[in-house]
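**Student:** First, the structure itself, so that you have it in front of you.
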Amino acid sequence: MEGSVAKTPVAETPAETPEETGVNLGWDVKEKTEFGTPVAARILDGRAAARDIKDELSERVRLLKDEHGITPGLGTVLVGDDPASHSYVGGKHKDCKQVGINSIRRDLPGDISQADLEKVIDELNEDPATTGYIVQLPLPAHIDTNAILERIAPEKDADGLHPVNLGRLVLNVSEPMTSPLPCTPHGIVQLLVRNGIALTGKKVLVVGRGVTVGRPLGLLLTRRPINATVTLAHTGTVDLFEHLRSADVVVAAAGFPEMIKAEDLKPGAIVLDVGVTRVTDPETGKTTLTGDVDPAAADVASWISPNPGGVGPMTRAMLLANVVEAAERKAGILA
């Protein structure tokens with residue numbers, strides 16, 4: 001029942017893999033009939049695509065080391081003792097080890113001052129071993145988060161969310177990007193492309209206008225090399241159902257559990273579930289992760305991303321890609 005659970009949105013954070021969360025959302029892709037022909041929704045397997053990307057990155061890292069004497073390094077800044085944040089950061093450094101990227105961890109006390117945290121940011125900006133780095137969010141309430149994020153050197157912005165880098169994405173419609181891209185939007189595009197799904201001319205509905213997914217995804221999809229037609233829906237959208245019924249591709253990134261139902265979708269639509277909400281049953285105290293898309297949508301979609309196991313692994317893979325590309329720019333391999 002809707003009123004029997006406590007819901008905590010996880011702001012536009014794609015779910016990690018089941019091995020990391022201990023949660024399986026029960027995706028069950030059934031054979032269905034579309035226009036009288038048996039069709040099964042195919043899975044957009046982010047784990048498999050991320051493995052392929054890591055293999056490619058491993059070779060690029062090897063070339064950087066052997067031919068240029070450069071080893072990429074990912075730095076992480078973690079403030080406080082939040083278990084989920086520690087888990088996420090640990091996963092990122094595990095990924096680094098898999099592809100040969102050095103790990104630089106800065107684990108800091110929860111009561112660190114703004115000035116001391118800014119000193120750490122300045123140190124990482126100057127550290128030649130740190131090719132790129134992230135500040136794990138959320139930060140404590142007494143820290144000015146925007147000031148910290150804007151202090152990151154744009155060329156070392158592994159998340160691709162620095163205002164300078166987002167501005168470059170706004171301005172560059174046609175030419176190859178020469179700055180880091182936002183990880184989740186880039187991961188979504190890569191997941192589709194690597195499954196042979198062309199986006200040119202497709203009507204894409206993005207549900208959610210947050211800075212980590214919705215808004216930059218619209219910018220990325222409307223670049224000329226991709227050429228999708230994008231509608232960005234949000235809490236002020238009054239005719240969401242009409243947009244859903246006409247969309248070829250739906251990206252759900254709002255953080256509202258199972259808000260997208262099977263009956264809302266155009267038959268054969270491609271559906272990516274990005275949003276994550278922690279839902280706690282007050283009777284058992286058990287917490288599960290719930291996506292924005294009702295699993296029954298698999299009965300209508302032609303392709304669907306599981307949650308977890310879809311976009312989440314791709315986000316982490318693109319974080320590594322940003323670090324490797326920064327090292328390649330340093331080596332003069334990339335512009």
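For the record, in the sequence shown the residue sitting at position 67 is 67 according to the UniProt record's numbering, with numbers rising by one throughout. Glycine residues also receive a C-beta, built at the ideal position from the N, C-alpha and C atoms.
1. Would you call G36 buried or exposed, if buried means 16 or more other Cβ atoms sit within 10 Å of its Cβ?
2. Check whether the segment 311-319 touches the segment 277-292, taking contact to mean three or more Cβ pairs, one atom from each stretch, closer than 8 Å.
3. Inspect the CB distances between the segment 215-224 and the segment 258-269 and report whether three or more fall short of 8 Å.
4. Which full runs of the beta strand (DSSP E) of 3+ residues lie inside the segment 140-195, going along the chain?
5. Going by DSSP in three states, T235 sits in which element: helix, strand or coil?
6. From which residue to which residue does the alpha helix (DSSP H) around L64 run?
7. Between the Cα of P109 and the Cα atoms of V135, L78, V274, which residue gives the shortest distance?
8. Would you report the Cα separation of residue 336 and D116, rounded to the nearest angstrom?
9. Among residues of its own chain, excluding the 5 on either side of A158, which ones have a beta-carbon nearer than 7 Å to its beta-carbon?
10. Provide the residue span of the alpha helix (DSSP H) that contains N125, from first to last.
11. Whose CA, out of H234, L149, A84, N172, lies closest to the CA of L205?
12. What span of residues does the alpha helix (DSSP H) with R245 cover, start to end?
13. Hey, quick one: how far does the alpha helix (DSSP H) through G90 stretch, first residue to last?
14. How about A296 and T178: do their beta carbons lie closer than 8 Å?
15. Using only the alpha-carbon positions, how far apart do E150 and K266 sit?
16. On the DSSP bridge list, what partners appear for D107?
17. Can you list, in chain order, the residues of its chain with a C-beta nearer than 8 Å to that of S174? Leave out the 5 residues immediately preceding and following it.
18. Put V271 into one of helix, strand or coil per three-state DSSP.
19. Nearest to D107 by alpha carbon, out of E123, V99, H86, K97?
20. Quick check on the DSSP output: the alpha helix (DSSP H) that includes K330 runs from which residue to which?
**Tutor:** The answer reads as follows:
1. With a pLDDT of only 33 at G36, under 50, the local geometry of the prediction cannot be trusted, and the value read off the model is given with reservation. When all chains shown are included, G36 counts as exposed.
2. no
3. Taking 8 Å as the limit for Cβ pairs, the verdict is that the segment 258-269 does not touch the segment 215-224.
4. none
5. T235: coil per DSSP, three-state reduction.
6. Taken as a continuous stretch (DSSP letters only), the alpha helix (DSSP H) holding L64 covers 46-68.
7. L78
8. Beyond the ends of the chain as shown, which are 1 and 335, falls residue 336; an answer cannot be given.
9. L74, G132, Y133, I134, P180, L319, N322, V323
10. 114-126
11. Measuring from the Cα of L205, the nearest candidate turns out to be H234.
12. 240-246
13. 83-99
14. no
15. 41 Å
16. L78
17. R223, R224, P225
18. strand
19. Measuring C-alpha to C-alpha distances from D107 to each of E123, V99, H86, K97 identifies H86 as the nearest.
20. 311-331
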